[in-house]
Amino acid sequence: MRLALALVSVVVLAGSGAVVLKETKATWQDHQKAYFAQARLQAKSDAERASLESKAPKIEQTIVTAFGSSRVERCESCHIASDDPRFSSTSEPLRTHPYSAAMGDIYKDGHWERKHKFSEFGCTSCHDGQGRGLTKADAHGEDEYWPTPMLGYTVQADWKKDNATHLHGAEFMQANCAQCHKERTFAGTALVSRGRELFFKEGCFGCHRIQGISSGTIGPDLTEVGKERKLDYLWGHIADPRAYTPTSVMPQFKLSDEDKKALVIFLKSRRGGSPSDSSVDQYKVEASNATPVPESVAVVATAIIAAKTPEERGRQLIEGYACLSCHKLDDHDGGISPDLTREGLMRDHAWLMSHFQNPRSLISDSNMPSFALPQKDFDDMSAYLMTRTSALPAMTPAQTFQTLCARCHGENGNGKGPNAIYLDPAPRDLTRAEFMSTKPQLRLVSSIRDGVAGTSMPPWGKTLSDAQIQGVVDFVWSQYVKGKPRQIKARKLPDTNPVAMSADSVHRGEGIFLQRCTGCHGRKADGHGPNSIDITPRPRNLTNTAFVQSVSDRRLFESIEYGVDGTAMPSWIDYGLSQNDVGDIVNFIRSLNTSSK
Amino acid sequence: MSKDQNSIGKSVVDLPANVTRSIFRNPLPTSDRGRAATSFTNFFLHIQPVRVSRQALRPSYTMGLGLISFFLFAILTATGVLLMFYYVPSTTQAYDRMLDLRSSVVFGVILRNMHRWAAHGMVACVFLHMCRVFFTGSYKPPREFNWVIGVCLFGLTLLSSFTGYLLPWDQLAFWAITVGTSIAGYAPLVGKAIKFILLGDATVGQEALLRFYVLHVVVLPLVLTIFVAVHFWRIRKDGGLAKPESEPAPKRVPVQVEIQDDPAPIMATGSIAVAAPARRFTIQGLVRGPLVKVGRLEEDTVFSWPNLLVAELFVLLLTIAGVMLVSFFFNAPLEQPVNVMHPPNPAKAPWYFLGLQEQVSYSAFWGGIGVPGIEVLLLLLLPYIDRGKEGVGRWFARQRIFANSIFLLFVIVNIYLIVIGTFFRGANWQFVSPF
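Chains as they are written, first to last, in this note's numbering: chain Y, 114 to 710; chain W, 28 to 462.
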């Protein structure tokens with residue numbers, strides 16, 4: 114026992130010694146001692162030399178109060194030579210902070226005068242990082258939970274390796290310059306301006322709101338995204354949205370690395386107000402911007418050259434408003450949204466105007482933003498699109514399919530075209546034999562000829578003749594379906610709902626719906642029930658008014674009573690629903706879709 | 028005059044001795060009588076018996092777990108008080124204070140680390156101590172009530188750890204407490220009320236932080252101290268640590284006892300004192316119970332001074348060494364500041380509640396309230412249910428195989444659930460492989 118006691122006492126003493134040593138012998142002291150030694154060698158007078166000999170390392174601390182909350186900055190405890198011009202060629206951390214005219218520094222009488230003095234600005238207002246840290250890992254913000262790692266220098270452990278290679282470089286600090294230097298033409302924030310340009314040019318303004326700049330509502334508000342997110346997230350989310358947010362509908366834009374960098378720097382500069390504003394000033398800015406001309410409009414308006422006809426103006430607007438960052442027109446293809454090349458053959462002016470004003474009034478789950486543009490601009494753009502009526506050159510059904518259909522339905526017909534993830538409802542998987550082989554040919558033909566209301570399937574009746582349509586159907590059948598049409602027993606189905614529409618019927622139908630249907634179709638009947646994530650094709654959005662109104666009672670009855678082959682919709686007649694029950698359900702569904710939105 | 032000089036001289040020379048004698052009424056012992064006396068003439072030491080059984084001192088018997096738990100509590104109190112000089116229980120300031128502890132306060136890192144790891148260690152050691160007491164049957168009469176106090180102490184330890192978990196006010200803390208208090212809210216009838224009293228609000232916020240701080244820093248330590256004091260008192264009064272019935276008690280030799288009222292002991296003066304079967308005693312007090320040592324000195328006991336004290340000192344230093352080593356090499360976690368819009372997926376309770384959370388994932392009421400409630404009830408009633416008197420003082424006694432098996436099963440299942448909850452549950456509480 115005595116021996117054990119002696120041993121453990123030694124361990125405790127040694128441990129205490131180690132703890133004390135760790136706290137009192139710090140790296141920053143070594144750096145300062147190295148600095149004093151080197152400064153002594155360069156000292157010009159004995160007095161200077163003597164004072165350096167007697168100097169003991171101490172924490173160099175600045176407290177910066179100019180920018181809102183008071184900040185403690187201890188960076189100079191290691192970077193003690195940052196204001197000493199004699200150390201411009203030493204290695205870090207004992208290197209002089211660069212001087213440059215671009216940063217406003219003035220060269221006078223043989224020496225530089227710094228414009229952004231450390232005593233006023235500190236270090237983290239430009240560089241980010243953790244001011245109070247006294248070790249490199251702490252101070253540079255290398256801990257993955259620190260929200261502001263040093264911009265362009267520090268990569269945190271949980272950043273994706275692919276992104277991290279792009280996130281080095283002093284130019285990322287321009288995002289911080291822009292916090293105070295907000296002028297659009299400031300030379301030091303060139304990449305911020307380029308990023309802002311891209312924000313418009315690539316169509317980001319349509320989905321995202323940035324206060325004073327844009328008012329999109331589909332994507333998150335980016336007014337303060339620079340404060341909320343780190344470089345890794347910003348870059349990664351632009352490069353591959355679904356890697357960070359699996360359910361995101363944000364398109365994956367094809368951008369070069371330089372463009373991505375400029376966009377990331379622009380977004381990082383969005384901190385919601387400048388630290389140099391007092392809090393009262395910020396409110397003044399907000400109030401005066403209550404109803405500004407959206408910058409998106411102003412930017413484009415100045416770029417449009419005088420056009421002779423509305424159609425010509427419309428064409429310029431379509432390019433100016435970045436429609437082609439998503440849509441396809443001739444050779445310019447954003448790769449995300451439908452092809453507008455023959456739009457004049459597919460839609461009419463009224464449809465286009467309604468669609469511009471609110472895409473969701475015609476296609477319930479469209480992810481196209483509602484652009485807040487002047488009515489005249491919509492008119493001109495519709496006028497232009499209505500001129501797009503060039504006939505399809507002669508081609509085989511296979512070629513027709515690849516030209517017109519593959520963009521959504523995929524070149525393999527499996528519904529996985531390049532657009533498909535952005536479309537809701539998703540394009541039909543034509544290889545699903547159980548589905549295709551149980552639907553009458555007439556339905557397939559009319560879907561192509563008249564389109565499917567409420568979905569992105571347009572009417573091709575004016576582009577394709579009846580013979581061409583039949584040709585495409587035959588092609589699809591032979592190429593993709595690979596099944597035989599199945600004869601379905603004649604089913605006893607009413608043509609119209611035998612149960613009269615009434616408040617009672619709707620109430621009963623709602624009851625059954627809540628009990629039976631919400632697992633897939635969701636409590637809001639929008640197709641987002643808890644089971645819907647695992648089902649392909651997804652359950653129908655029953656509040657898609659355009660679609661529901663285009664479907665006959667008979668078809669609704671058939672789908673509910675006998676299910677839909679090739680989907681997860683079961684035949685409810687096997688689960689005890691009577692025809693009256695189904696009639697109530699149909700009345701309930703109709704009641705959800707009475708208003709013409 | 029010389030006499031005065033002598034006395035003055037004497038008192039000057041005696042000064043240090045006077046000082047020490049005024050503080051320490053008895054000198055360090057050099058005889059057995061002195062060693063016995065230390066155990067009842069010292070304020071701190073008189074909780075301990077004069078003699079302690081050798082078996083109680085064997086490391087393999089108790090592994091010092093109870094002592095380790097107590098010393099961890101002492102370390103927690105000491106480091107906790109030091110931390111209190113820097114911490115502020117405000118939602119706007121708490122996280123910043125934690126950052127300051129890490130970057131600005133001298134010894135801040137080691138202090139916080141020691142507090143964190145000692146806390147986790149205390150939960151684990153208290154649990155292991157409970158297992159030891161069970162497997163050695165040391166809850167049998169007369170120690171039933173001490174077992175009940177011990178179970179209460181276990182609950183208080185868990186509560187202390189839980190209330191302290193919230194204080195850093197980072198994502199880890201916030202969501203762990205959100206999960207834990209939600210489980211408490213599943214209790215029928217009183218669940219919502221309990222949750223509201225705990226949180227002071229519908230959700231975790233400034234009120235909860237302040238309440239948890241007060242509980243953690245004042246209320247629970249006070250209650251814990253009182254329970255610990257009673258726990259130690261009952262150890263003494265129940266006859267020390269449980270030991271096995273070894274040989275049957277030696278036949279008592281009847282000894283004639285004369286009781287005299289004269290308090291002064293009878294001293295031999297000049298003539299030789301006759302050693303006769305008759306002994307003389309003055310009454311100190313009347314004690315009931317199996318504590319009559321008259322005429323029978325336990326063979327396998329040793330003096331507390333120095334044996335027990337050396338053992339305790341060893342355990343204390345071992346505990347300090349352990350906590351210090353772990354704190355030197357491993358940093359307590361500090362994640363992002365609280366963001367109520369961003370629950371982590373999955374949001375996990377502290378490790379000692381992860382078994383509960385795993386159970387809750389099957390059934391909110393039965394998993395979170397029902398089964399744990401039954402477990403706690405059985406634990407509390409254990410000594411009154413299991414009334415067999417055999418197998419005390421030995422590990423895994425054959426006679427208690429049934430009870431030991433059930434308890435072992437309970438321990439293994441709970442550890443298994445905690446392991447599953449910690450390593451094998453990912454987003455949406457789906458089963459994931461940690462490899």
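Backbone N, C-alpha and C define an ideal beta-carbon position, used for all residues, glycine too.
Asked, Found
"Distance, W:Ala145 Cα to W:Gly135 Cα", "15 Å"
"Separation of W:Val350 from Y:Arg245, as counted between CA atoms", "27 Å"
"Under 8 Å from the C-beta of Y:Arg245: neighbouring residues of chain W", "Leu126, Asp127, Ser130 and Ser131"
"Cross-strand partners of Y:Trp225 (DSSP beta bridge)", "Y:Tyr220"
"Y:Pro170: contacting residues in chain W (beta-carbon distance under 9 Å)", "Ordered by position in chain W, no residue passes the 9 Å Cβ test against Y:Pro170, which lies about 15 Å from the chain."
"Alpha helix (DSSP H) segment containing W:Ile102, residue limits", "Leu92 to Met111"
"Residue-chain proximity (W:Ile472, chain Y), Cβ-Cβ < 9 Å", "Nothing in the structure corresponds to residue 472 of chain W, since chain W is present only between 28 and 462."
"Y:Leu118 at chain W interface by Cβ criterion, 9 Å", "yes"
"Proximity test, Cβ basis, 9 Å: Y:Asp251 and chain W", "yes"
"C-beta neighbour in chain W for Y:Glu136, strict 9 Å", "yes"
"Of the residues Y:Gly635, Y:Phe701 and Y:Leu705, the one placed nearest Y:Asn755, counting alpha carbons only", "The displayed coordinates of chain Y run from 114 to 710. Any statement about residue 755 of chain Y would go beyond what the structure contains."
"Whether Y:Leu304 touches Y:Glu284 by CB criterion (9 Å)", "yes"
"Contact the region 501-521 of chain Y vs the region 641-651 of chain Y: 3+ CB pairs below 8 Å", "no"
"Y:His440 to Y:Phe366 span [Cα, whole Å]", "12 Å"
"Straight-line Cα distance separating W:Asn173 from W:Gly394", "28 Å"
"Runs of alpha helix (DSSP H) lying entirely within the region 331-390 of chain W, each at least 4 residues, in chain order", "336-356 and 378-387"
"Option nearest Y:Pro170 by Cα separation, candidates Y:Val699, Y:Lys138 and Y:Ser204", "Y:Lys138"
"Selection of the region 360-377 of chain W by Cβ proximity to chain Y, strictly under 7 Å", "Leu361, Glu362 and Gln363"
"Y:Glu432 to W:Asn372 span [Cα, whole Å]", "42 Å"
"Contact check, W:Phe162 vs Y:Leu118, beta carbons under 9 Å", "no"
"W:Arg78: first and last residue of the uninterrupted beta strand (DSSP E) it sits in", "Arg78 to Ser80"
"Local Cβ density within 10 Å of W:Met368, reported as buried at 16 or more and exposed below that", "exposed"
"4 or more residues per run - each alpha helix (DSSP H) lying fully within the region 595-671 of chain Y", "616-629, 631-634 and 658-663"
"Residue from Y:Phe313, Y:Arg604, Y:Leu347 and Y:Phe231 with nearest C-alpha to Y:Asp218", "Y:Phe231"
"Residues that W:Leu216 contacts on chain Y, provided the C-beta gap is smaller than 8 Å", "Simply none; closest approach about 29 Å."
"Residue interval of the alpha helix (DSSP H) (run including W:Arg159)", "Gly135 to Phe162"
"Y:Thr500, DSSP secondary structure in three states", "coil"
"Bridge partner(s) assigned by DSSP for Y:Arg541", "Per DSSP, none; premise fails for Y:Arg541."
"Within-9 Å CB hit, W:Pro290 to chain Y", "Low per-residue confidence applies at W:Pro290: pLDDT is 49, beneath 50, and the placement is therefore not dependable, though the value from the model is reported in the following sentence. By this cut-off, W:Pro290 is not an interface position."
"Strand pairing of Y:Arg184, partner residues [DSSP]", "Y:Val177"
"Assumed close pair Y:His144, Y:Pro206 - CB separation to whole angstroms, cut-off 8 Å", "6 Å"
"Secondary structure, alpha helix (DSSP H): runs of 4+ residues fully inside the region 140-168 of chain Y", "140-154 and 159-166"
"Separation of Y:Lys273 from W:Ser460, as counted between CA atoms", "21 Å"
"Simplified DSSP state of Y:Leu116, which is helix, strand or coil", "helix"
"Beta bridge counterpart(s) of Y:Leu442 as assigned by DSSP", "Y:His445"
"Any 3 or more C-beta pairs closer than 8 Å across the region 227-243 of chain W and the region 177-196 of chain W", "yes"
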